[in-house]
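Start counting the sequence shown at 49; every next residue gets the next number (the numbering used here).
Here a beta-carbon is modelled for each residue, glycine too, at the ideal position from N, C-alpha and C.
This structure is a prediction, so every number in the text was calculated from the model and none was measured.
Structure first, then comments.
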Amino acid sequence: MKALYLLVFSMLIAISVQSHAADNCNNLNTQLEMNACAAKEYQSEDAKLNKYYKELIRKVGASEKQKLKATQRAWIKFRDLQCELEASNYEGGSIQPLIRSSCLAQVTKQRNEDLRRMIEDASL
Numbered sequence: 049m050k051a052l053y054l055l056v057f058s059m060l061i062a063i064s065v066q067s068h069a070a071d072n073c074n075n076l077n078t079q080l081e082m083n084a085c086a087a088k089e090y091q092s093e094d095a096k097l098n099k100y101y102k103e104l105i106r107k108v109g110a111s112e113k114q115k116l117k118a119t120q121r122a123w124i125k126f127r128d129l130q131c132e133l134e135a136s137n138y139e140g141g142s143i144q145p146l147i148r149s150s151c152l153a154q155v156t157k158q159r160n161e162d163l164r165r166m167i168e169d170a171s172l
């Protein structure tokens with residue numbers, strides 16, 4: 049039971065350190081801080097993705113909605129598989145979360161640009 053408390057305490061400290069690291073991405077000193085900042089960047093891009101997707105869904109017609117939904121599902125599958133592939137080269141290493149999150153952020157950022165252009169086109 050004592051080991052369980054120690055494990056939970058250690059996890060809480062790690063979460064606290066990671067949360068603090070994610071708040072200050074300008075002065076990174078450890079791999080944990082880099083991993084946290086990359087995850088934060090991905091979360092930001094993912095939030096934009098959801099915003100743009102919802103906006104575009106509202107602007108297109110019924111037949112386009114079905115195509116857009118199918119395309120988005122396929123794109124998500126591609127993104128996840130692509131980033132898992134890139135991260136797999138670092139399996140077991142402390143840098144693996146950084147590689148995966150950086151990939152997710154970059155690929156999602158590109159998709160956001162695509163969605164923004166589609167929103168502009170739909171507004172014409």
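Measure the beta-carbon distance from residue i to residue j and round it to whole angstroms, keeping in mind my assumption that it falls under 8 Å.
i: residue 107; j: residue 147; result: The Cβ separation is near 35 Å, so there is no contact.
i: residue 93; j: residue 160; result: 6 Å
i: residue 134; j: residue 151; result: 5 Å
Where does residue i sit, in a helix, a strand or coil, going by DSSP?
i: residue 143; result: coil
i: residue 155; result: helix
i: residue 138; result: coil
i: residue 116; result: helix
i: residue 73; result: coil
Inspect the beta-carbon positions of residue i and residue j and report whether they are closer than 8 Å.
i: residue 136; j: residue 83; result: no
i: residue 86; j: residue 153; result: yes
i: residue 101; j: residue 120; result: yes
i: residue 156; j: residue 80; result: no
i: residue 182; j: residue 116; result: Past the boundaries of the shown model lies residue 182; the chain is included only from 49 to 172, so the question cannot be answered.
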